[in-house]
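As you go down the protein sequences, you meet chains L and R in turn.
Using the working numbering, the letters of the first sequence map in sequence onto residues 3 to 250.
Using the working numbering, the letters of the second sequence map in sequence onto residues 4 to 267.
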Amino acid sequence: MPPVITASQLRKNYGELCAVAGIDFEINRGECFGLLGPNGAGKTTTVKMLTCALPLSGGDITVEGLSVAKDPRGIKYLLGVCPQEMNLDPDFSVLKNLIVYSRYFDIPYAEAKGRAEELINRFHLHDKLDRPIEDLSGGLKKRLLMARALINKPRVLILDEPTTGLDPQSRRQIWEEVREMKKHGLTTLLTTHYIEEAELLCDRLVIIDAGKIVEQGTPRQLIEKHLEGKGSLEDVFLKLTGKHLRDE
Amino acid sequence: MNEARILRNISYRAWHMWRRNIDVSLVTWKTNVVPPLLEPVLYILAFGVGLGAYVQKISFDGRAYDYLTFLAPGMIAVGVMFHSIFETMYGAFIRLRYQKTFDAVITTPLSAEDILAGEILSGATKGLFAGTAILLIVTLFGLASYPSSLVILPLAALAGLMFASFGLLFAATAPYIDNLNLPIFLFINPMFLFSGTFFPLDGMPAWIRLAANILPLTHLVNITRAAAFGRLHAALLWDLLYIVVLTATMAYIAIRKMKTRLIK
Numbered sequence: 003m004p005p006v007i008t009a010s011q012l013r014k015n016y017g018e019l020c021a022v023a024g025i026d027f028e029i030n031r032g033e034c035f036g037l038l039g040p041n042g043a044g045k046t047t048t049v050k051m052l053t054c055a056l057p058l059s060g061g062d063i064t065v066e067g068l069s070v071a072k073d074p075r076g077i078k079y080l081l082g083v084c085p086q087e088m089n090l091d092p093d094f095s096v097l098k099n100l101i102v103y104s105r106y107f108d109i110p111y112a113e114a115k116g117r118a119e120e121l122i123n124r125f126h127l128h129d130k131l132d133r134p135i136e137d138l139s140g141g142l143k144k145r146l147l148m149a150r151a152l153i154n155k156p157r158v159l160i161l162d163e164p165t166t167g168l169d170p171q172s173r174r175q176i177w178e179e180v181r182e183m184k185k186h187g188l189t190t191l192l193t194t195h196y197i198e199e200a201e202l203l204c205d206r207l208v209i210i211d212a213g214k215i216v217e218q219g220t221p222r223q224l225i226e227k228h229l230e231g232k233g234s235l236e237d238v239f240l241k242l243t244g245k246h247l248r249d250e
Numbered sequence: 004m005n006e007a008r009i010l011r012n013i014s015y016r017a018w019h020m021w022r023r024n025i026d027v028s029l030v031t032w033k034t035n036v037v038p039p040l041l042e043p044v045l046y047i048l049a050f051g052v053g054l055g056a057y058v059q060k061i062s063f064d065g066r067a068y069d070y071l072t073f074l075a076p077g078m079i080a081v082g083v084m085f086h087s088i089f090e091t092m093y094g095a096f097i098r099l100r101y102q103k104t105f106d107a108v109i110t111t112p113l114s115a116e117d118i119l120a121g122e123i124l125s126g127a128t129k130g131l132f133a134g135t136a137i138l139l140i141v142t143l144f145g146l147a148s149y150p151s152s153l154v155i156l157p158l159a160a161l162a163g164l165m166f167a168s169f170g171l172l173f174a175a176t177a178p179y180i181d182n183l184n185l186p187i188f189l190f191i192n193p194m195f196l197f198s199g200t201f202f203p204l205d206g207m208p209a210w211i212r213l214a215a216n217i218l219p220l221t222h223l224v225n226i227t228r229a230a231a232f233g234r235l236h237a238a239l240l241w242d243l244l245y246i247v248v249l250t251a252t253m254a255y256i257a258i259r260k261m262k263t264r265l266i267k
């Protein structure tokens, strides 16, 4: 079966600065694919190019054979995007957020309402149905963002740092959801800098640093290769990307 | 990026963005519906009744009018301007920078151009609503003649598109929300005061008249007043042409400029 997503020689330059330096990867149907890297490695830039929110400087990404450069609209119908930053509509209730979002995909109201109610139940948001967004905790907002990303029944779900800033309880609940979706065969792209998360959820992953892929494989393969099977994926990550701080 | 591409990227989906903004206004209707209705009443009381008592008849287009009668159509035009320009200026800036609404919508099938066309449409809708509300009040005061005043409705929609485009351009060029004080000081307030809204331009020095004729509000006031007085004439087509050309130009420039802030 051909891969769902293919990135080839994908590049993004901001003037002199090279954020993504010609990376290649493929995501197969039904797998959870991890994009790992320290802060500023190029994860979000890659995701933004995939979601057609950022023009490419070079190379191409295709989703189900459609190219981001040629058919952004066609691709956007196929993606469900759960962003890193909270961008729910603060003026709308939980339910209304989902309904308004479904319109962007031309989903008729009756169907949208059905799907929204189903997702609200699935993500345990039913007590909050009519609440405004500001009443939700960080974990609930994230769950609503995930529910929103599924309203168009996407072929690929993109989770951009889904658990950053969440407490351990909320984090575990999100992991549970991701595993549940994987069981249903949903192709997922996950970016994270929590290595434990990648180890737990990803079938395959790439580690990127300074816009380049430094290693790829299954979590097990990487531990075998770099640590002779002794240690965690985090040890591999630190070995490959170094220990210096990345925020400056 | 050329003109054809921007036009090609606008689809019916712009109405989805429009609908979202209108839905927000309906949720917060107390602050969105009541002020446009009450504001003109305040103006009419303060300037028309209060100040008007001290002002002699105003001669305009060869006839003498009460100050209140003269002022009322100007208030309609001003209402259209304020409500459409602020919707895109502050509203779009907040959606861009604080609420990150555009970041959410850009990952859906809407193009940047759809989003921004939707913004201009919802700004125009606010202008049309304000214009209609004020016209209604002006009519209740007996200050508008019909049927000519009905021209004001489509005109308000058109001018709404124009001012919403200006507002979107200001939002696109402001690095911080405080920078929006600049277009208010340099553009909106001078228009408010010097577009023939409060007094006829005829008596003003030539250079002020020239400057006023560059300001878009002047042309809206010209047509609105003639319509309210029941004295529409062919020369007003020049005012209309000015508004049409400026609307198309500003909408294009604003969408083009704001697009670079949505897709970085």
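Cβ coordinates follow ideal geometry from the N, Cα and C atoms, glycine included.
Note that the structure is a prediction, hence the values are computed from the model and not measured.
A residue is called buried once 16 or more other Cβ atoms fall within 10 Å of its Cβ, and S148(R), having fewer, is exposed.
The continuous alpha helix (DSSP H) containing L171(R) extends over residues I155 to T176.
Taking the Cβ atoms as the reference, A49(R) lies roughly 19 Å from K60(R), outside the contact range of under 8 Å. Annotated three-state conformation of S104(L) is helix, per DSSP. Each residue's CA atom was taken as its position, placing L139(R) and V58(R) some 25 Å apart.
If you compare the alpha carbons of F144(R), A115(R), S87(R) and Y15(R) with that of A55(L), the shortest gap goes to A115(R).
Comparing alpha-carbon positions, the option among T193(L), L142(L) and Y106(L) lying closest to L80(L) turns out to be Y106(L). When Cβ-Cβ separations below 8 Å define contact, L113(R) makes contact with chain L.
Rounded to whole angstroms, G44(L) and G77(R) show a C-alpha spacing of 54 Å. The contact set of R22(R) on chain L, defined by CB atoms closer than 9 Å, consists of V102 and R105 in chain order. Taking C-beta separations shorter than 7 Å and ignoring five residues to either side along the sequence, the partners of F195(R) in its chain run V81, following chain order.
In this structure, DSSP gives V208(L) an extended state, which the three-state scheme calls strand. At a cut-off of 8 Å between C-beta atoms, K78(L) counts as an interface residue with respect to chain R. Look at A212(L): its C-beta is not under 8 Å from any C-beta on chain R. Residue state for I256(R) is assigned as helix, using DSSP reduced to three classes. Pairing I153(L) with L100(L) gives a Cβ-Cβ distance under 8 Å. DSSP places D162(L) inside the beta strand (DSSP E), whose first and last residues are V158 to D162. Chain L has no Cβ within less than 8 Å of the Cβ of K129(R). Taking I7(L) as the centre and dropping the five residues before and after it, the same chain places the C-beta of I29 and V65 closer than 6 Å to its C-beta, in chain order. The distance from the Cβ of A231(R) to that of L146(R) is about 7 Å, consistent with a contact at the 8 Å cut-off. Non-local C-beta neighbours of G55(R) in its own chain, meaning closer than 8 Å and more than five positions away in sequence, comprise D69, Y70, L71 and L74, ordered along the chain. In the DSSP secondary-structure assignment, A67(R) is bridged to S62(R). Contacts with chain R at 8 Å (Cβ-Cβ) include R75(L).
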